[in-house]
Structures are given as C-alpha cells and as structure tokens.
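J.: Chains as they are written, first to last, in the numbering used here: chain A, 78 to 299; chain B, 77 to 210.
Glycine included, C-beta positions come from ideal geometry on N, C-alpha and C.
None of the values given here were measured: they were computed from a predicted structure.
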C-alpha cells in the first residue's frame, strides 16, 4: 500500500498535524484548549483514514467523536467550572518525580515500539514482497487514466457498503452486544448524574436514608 | 517552525517532481510502517498524558487519544490486507467501529462519574481524590 505523489504530501501534513495537536492536548493549561486540540487531532486522523480508503470510518470518526463525544467533554468542562485554577503559575502536572518517571517510561515505550515495528515490518515485507509488487503495479496502472494531479483517493469506493455487509454478517453478535452496551451507558450516566433532590422528587430514595438526611440537615440542597 | 518549513520543503519536492534525492524516497512513499509509527507516537503521547496530568477531564481526553491511535493501526492493517489479499480485510474496519462505540460509552459513564465526584468532593484534581488511599 505504497502511497505516491500528492498522497504522500497529504500523509505527512496530516500526520504531523495529528502529532502536534496530540502533544498540545496533553500540554495545554486550559482544559477547553485541550478539547479543541484533541478535536483537531481527531480530524487529522480522520483525514488519514480517508487516505487509507476507509471513508465510512472517517465519517463515523467525525460524527461520533467530534460531534458527540467532544461536545459532551465541553459540556462537562462547562459544568465543572474549575478551569480558572490552572491558569497562571498553578502546576498542571503532578509531582516532578512522577513526571520524570512517566517520561522515562514513555521514552522506553517509544524505543521498544519503533524497534518492534522496524523488525516486524521487515519480516512482513519479505513475506509479502511479490504481492506488494503486484498491488503497486495495479495501482499504477489504475492511475494511468486519471488526470494529472488526481489520485486514486479522489474516487469514492464501495467501502461503506462492504463495511455494512461485514458488520451484519461477520460481526452480527458483537453488533447486538454493542447496542446493549450503549443502553447500559445511557442508563448509567443518567443514574450517576442525578442530584439528591431529583432522586427525592421521584421517590427513589430509601426511607431510612431520607430520614437520616432530614435529621442531619433540614432541607436537602445539592 | 521546523515542522512547517519541513512541510514546505516536502511540498516543493513533490510539486517539482524531482527524484534527485534517493534518501527522500522513503519520505515520498509512505507505507504501512509509517502509519504504524504515527499510531505509536500518538499512543505514547496519550500514555504520557494519562500518567502526568492532574485534571481528570484531560486524562479522559488522553484515553481518547490512545484509542484513536489503536484505530489508526487497525485501519492501516486493514488496508495492507486489502492490498496483499490475506485474511478478512474488513475485520480491521469493523473492529474500529466497535472501538468508537466503546469509547463513546466510556466517555459518557466517565463524565457522569466526574460530575458526581465534583458534586460530592468539589475537586477534579486526581491528586486530591485520595479518600481510599492509606
């Protein structure tokens, strides 16, 4: 799956954007800035998905992550209004020893992963050398009849159809389990975020607990 | 600055179409290993964020970054299998859909816990949440 021409330019632009936005997500002082940098990182990774021919996943990434999850994050940052504490000179990281240990650990992980990818990919390339050559030649032949500056990515593939088919055949049972998981998540988050007043108003509290609260403070306000 | 000048250099190189530098050949033709390296770097940025930040919401965001790096690896291998014709090539994309579902559920539950925690303890700094520590 060797990319060529303008595809590689897009690859480098979006991968560098994803890494920089990821770094700024971790390093930003304000949580809102972190959320916005994470959105740009996710959008850059979605662009890489399109480059890899997975248009459906890229669309799901934008719709679900950026449109759903990140809006949820921003709402919670708004509700839990403590962002101002981190401005100025307040420490955003934990104690220096913890930061040092974490950085050393990350560095070791970087070296190990790069080593593993290099070693493993060499073997993979050796095993699939002839197949990769055939695939590259096929792509080059396919791109012969495109106009100059166009790449094969500009064509819409039947990716969505194929992903849908394998989602309902190859992964039908996990698909159903995922729907149950989402139901549990909805009910759980509603239960967790309720206040005591809301629980009392729907008569959903144990009478003993209610009496204990009433005896400790006359009016439950929270 | 360095990154933008490097991108400008790459753009010039691609636009002129000169194949002068053989050493740049690997930069010009990214393959599977490049995507894996990008995924690994994003994963490690996420790990560092989880281990070092104090703000529990930013820790959640770092977890999203980790899951996204895993998604990138899945999609890259899916494309590799499509090109070489081995195994079920679309399994990677199906797995990615499930990872996105689990990430959404995890974010909903986790942020519900954060709201309940803030209501009871008035803090979201993880070094102040030490009720069960001894």
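(1) Just by C-beta distance, which residues in the stretch 146–167 of chain B are closer than 8 Å to chain A?
(2) May I ask you to report which of helix, strand or coil DSSP gives residue 149 of chain B?
(3) Classify residue 206 of chain A as buried or exposed, calling it buried when 16 or more other Cβ atoms lie within 10 Å of its own Cβ.
(4) Taking the straight line between their C-alpha atoms, what separation do you get for residue 114 of chain A and residue 263 of chain A?
(5) Could you tell me which of A/211, A/99 and A/124 sits nearest to residue 122 of chain B, measuring between CA atoms?
(6) Under 7 Å, Cβ to Cβ, is there at least one residue of chain A near residue 141 of chain B?
(7) Does DSSP put residue 158 of chain A in a helix, in a strand, or in coil?
(8) By how many angstroms is the C-alpha of residue 289 of chain A removed from the C-alpha of residue 317 of chain A?
(9) Three-state secondary structure (DSSP) at residue 129 of chain B?
(10) Report yes if the CB atom of residue 155 of chain B is closer than 7 Å to the CB atom of residue 130 of chain A, and no otherwise.
(11) By how many angstroms is the C-alpha of residue 140 of chain B removed from the C-alpha of residue 134 of chain B?
(12) Quick one: residues in its chain with C-beta nearer than 8 Å to the C-beta of residue 278 of chain A, no 5 flanking neighbours on either side, listed in chain order?
(13) Which same chain residues end up closer than 8 Å to residue 287 of chain A when comparing Cβ atoms and leaving out the 5 residues on each side of it in sequence?
(14) Measure the beta-carbon distance from residue 214 of chain B to residue 143 of chain B and round it to whole angstroms, keeping in mind my assumption that it falls under 8 Å.
(15) List the residues of chain B whose Cβ lies closer than 9 Å to the Cβ of residue 138 of chain A, in chain order.
(16) Measuring alpha carbon to alpha carbon, tell me which residue in B/195, B/115 and B/190 is nearest residue 149 of chain B.
(17) Can you look up residue 99 of chain B in the DSSP assignment and give me helix, strand or coil?
(18) Quick check on the DSSP output: the alpha helix (DSSP H) that includes residue 195 of chain A runs from which residue to which?
(19) Report the neighbours of residue 208 of chain A on chain B: residues whose CB is nearer than 9 Å to its CB, in chain order.
(20) Which residue marks the beginning of the alpha helix (DSSP H) containing residue 198 of chain B, and which one marks its end?
(21) Which residues, in order along the stretch 124–135 of chain A, keep a beta-carbon less than 8 Å from a beta-carbon of chain B?
(22) Going along the stretch 116–138 of chain B in order, which residues come within less than 8 Å of chain A, judged by CB to CB distance?
(23) Counting Cβ pairs, one atom from each stretch, are 3 or more of them under 8 Å apart for the stretch 88–98 of chain A and the stretch 115–122 of chain A?
(24) Nearest by alpha-carbon distance to residue 193 of chain B: which of A/177, A/156 and A/172 is it?
(25) Using DSSP with H/G/I as helix, E/B as strand and the rest coil, what is residue 161 of chain B?
(26) Looking at chain B, which residues of the stretch 246–258 of chain A have a Cβ within less than 7 Å of any of its Cβ atoms?
(27) Give the straight-line distance between the Cα atoms of residue 147 of chain A and residue 201 of chain A, rounded to the nearest whole angstrom.
(28) Give the residues of chain A in contact with residue 189 of chain B, contact being defined as C-beta atoms less than 8 Å apart.
(29) Would residue 205 of chain B pass as an interface residue toward chain A - the criterion being a Cβ-Cβ separation below 7 Å?
(30) Give the range of the alpha helix (DSSP H) segment to which residue 83 of chain A is assigned.
(31) What residues in its chain sit with their C-beta under 6 Å from that of residue 282 of chain A, if we drop five residues either side in the sequence?
T.: Looking at the atomic coordinates:
(1) 147, 148, 151, 152, 154, 155, 156, 158, 159, 160, 161, 162, 164, 166 and 167
(2) Helix at residue 149 of chain B.
(3) exposed
(4) Roughly 27 Å separates the two Cα atoms.
(5) A/99
(6) yes
(7) coil
(8) No statement about residue 317 of chain A is possible, as the shown extent of chain A runs from 78 to 299 and does not include it.
(9) strand
(10) Yes, the Cβ-Cβ distance between residue 155 of chain B and residue 130 of chain A is below 7 Å.
(11) 10 Å
(12) none
(13) Same-chain partners within the cutoff: 277.
(14) Absent from the model: residue 214 of chain B. The displayed extent of chain B is 77 to 210, so no value can be given.
(15) 144, 147, 172 and 176
(16) B/115
(17) The predicted position of residue 99 of chain B is uncertain, since its pLDDT is 49 and thus under 50; a value taken from the coordinates is nonetheless stated next. Residue 99 of chain B: helix per DSSP, three-state reduction.
(18) DSSP places residue 195 of chain A inside the alpha helix (DSSP H), whose first and last residues are 173–204.
(19) 159, 160, 161 and 162
(20) First-last for residue 198 of chain B: undefined, no H or E at that position.
(21) 125, 126, 129, 130, 131, 133 and 134
(22) Near chain A, meaning a CB-to-CB distance below 8 Å, the residues of the stretch 116–138 of chain B are 116, 117, 118, 119, 120, 121, 122, 123, 124, 125, 127, 128, 129, 130, 131, 133, 134, 136, 137 and 138.
(23) Segments in contact, yes.
(24) A/156
(25) Secondary structure at residue 161 of chain B: coil, using DSSP grouped into helix, strand and coil.
(26) 247, 248, 251, 255 and 258
(27) Whole-angstrom Cα-Cα distance: 37 Å.
(28) 269
(29) no
(30) 83–104
(31) 276
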